[in-house]
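Going letter by letter, the sequence shown gives residues 1 to 281 in the numbering used here.
Here a beta-carbon is modelled for each residue, glycine too, at the ideal position from N, C-alpha and C.
Since the structure is predicted, the reported quantities are computational estimates derived from the model, not experimental observations.
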Amino acid sequence: MTEHIVICGPVSWNHMVYLDRLPEPRPHMQFALEDFQTVGGTSAGKALHLAGLGHRVVCMTVVGDDEMSTSVRDTLTGAGVELAASVVPGPAERHLNLMTRTGERVSLYLSTPSPAPVDEPRFAEVSIGAAAIVMDLSGASRALLPAAVAAGAPLWTDIHDYDGSAEFHAPFIEAASYVFMNADRLPDPHDFMRSRVEAGATAVICTLGARGAIAYDRSGFHQVDAVDTEVLDTNGAGDGFLAGYLDATLRGAGTDEALRAAAAQAAVALGTRHLHPALET
């Protein structure tokens with residue numbers, strides 16, 4: 001098997017609705033500025049960006065057997081992502097995302113696939129020879145963490161808006177060599193980031209939106225500015241950031257160069273209303 005990247009986690013079908021402001025908690029009416037449907041999910045975003053950067057990507061995920069699940073599968077495979085999908089009876093994971101042009105978001109989960117048995121043999125098979133394994137937050141990914149560690153490839157995880165104490169995230173944090181996060185619920189992430197490097201992580205990276213990103217590794221503190229770009233949609237920017245960093249790391253870049261590549265790839269996501277420009281029609 002040729003060297004590749006494995007991504008384990010959720011994909012979805014999203015209905016995006018743009019508003020001039022997020023709804024207030026009272027009965028009222030608003031007019032949408034725009035709405036459309038597209039692929040979503042943090043694992044889909046990472047897979048699309050890495051495939052766009054020329055990598056062979058295998059995405060292990062769970063989908064339903066409805067029409068929207070077919071749309072998710074066709075869209076991802078059409079963009080060059082290989083799927084190792086468990087198909088379960090019922091609907092796809094579907095979200096209704098209420099968005100504003102400034103990036104505010106409320107995500108409503110309309111449906112989720114029925115839980116699928118954890119397919120550890122399949123995961124072990126697709127992980128053979130992987131250059132990196134990305135374990136996104138999900139119940140199935142959590143159950144597969146021991147198998148991911150046993151595979152021997154560097155583990156990457158994205159803990160998103162971790163608050164510093166959520167128990168569900170702990171096994172991902174402890175297993176990963178590369179930990180990505182944002183500071184939405186942890187306004188001063190420095191102590192946490194340093195502590196993870198001291199505990200053995202190779203690097204911990206925190207995105208700060210328009211303020212760029214910071215990182216800690218064994219050599220210390222690093223920082224990068226955001227790339228100045230026209231923002232069409234903020235969905236998937238963090239996934240693009242991780243993909244850019246991972247791509248640069250596999251090509252031999254150090255932390256500073258990887259941060260610059262990550263910021264540039266995040267700008268690719270910000271410049272399209274989909275997770276990646278490959279989905280534009």
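So, with DSSP's three-state summary, where would you put Q37?
strand
Bridge-paired residues (DSSP) for A84
M60
Determine the DSSP secondary structure at G271, reduced to helix, strand or coil.
coil
Does DSSP put V134 in a helix, in a strand, or in coil?
strand
Whole-Å CB distance - R56 paired with H4, under 8 angstroms assumed
4 angstroms
Considering only residues of the region 213-241, which uninterrupted beta strand (DSSP E) runs meet the minimum length of 3 residues and lie entirely inside it, listed in chain order?
213-217 and 220-224
Does the ligand MN have even one heavy atom less than 8 angstroms from the beta-carbon of G139?
As far as ligands go, the structure on display features none, and thus does not contain the ligand MN.
DSSP has I5 in a bridge; who is on the other side?
V57 and A132
For the beta strand (DSSP E) that contains H95, what are its first and last residues?
Here the beta strand (DSSP E) through H95 covers R94 to M99.
Apart from the five residues just before and just after D233, which ones in its own chain have a Cβ nearer than 6 angstroms to its Cβ?
R273
According to DSSP, simplified to helix, strand and coil, what is F31?
coil
Output needed for Q30: all residues of its chain with C-beta closer than 7 angstroms, excluding positions within five of it in sequence on either side, in chain order.
The beta carbon of Q30 sits closer than 7 angstroms to those of L19 and P23, all from its chain and outside the five residues before and after it, given in chain order.
From which residue to which residue does the beta strand (DSSP E) around S107 run?
R105 to S111
Where L76 falls: helix, strand or coil (DSSP)
L76 falls in the helix class under three-state DSSP.
Name, in chain order, the residues that DSSP records as bridge partners for H15.
Q37 and L96
Can you tell me whether D188 is buried or exposed? The criterion is at least 16 other CB atoms within 10 Å of its CB, across all chains shown.
exposed
Neighbourhood of A263 by C-beta distance below 8 angstroms, restricted to the same chain and skipping five residues each side:
Closer than 8 angstroms at the Cβ level, and outside the excluded window around A263, lie G212, A213, V224, D225, A226, V227, F241 and G244.
Ignoring anything shorter than 4 residues or poking outside the region 157-203, list the alpha helix (DSSP H) runs there in chain order.
170-175 and 190-198
With a CB to CB cut of under 8 angstroms and the five nearest residues on each side skipped, what residues in its chain are close to M68?
W13, P91, A92 and R94
How many Å lie between F221 and A215 at the Cα?
6 angstroms
Closest Cα partner of Y162 within the set P154, L108, G41 and F180:
F180
With three or more beta-carbon pairs closer than 8 angstroms as the criterion, would you say the region 137-145 touches the region 115-122?
yes
Checking the sheet assignment: what are the DSSP bridge partners for L155?
I133, per the DSSP bridge assignment.
Smallest Cα separation from A44: which of A150, M135 and A166?
For the residues A150, M135 and A166, the minimum Cα distance to A44 belongs to M135.
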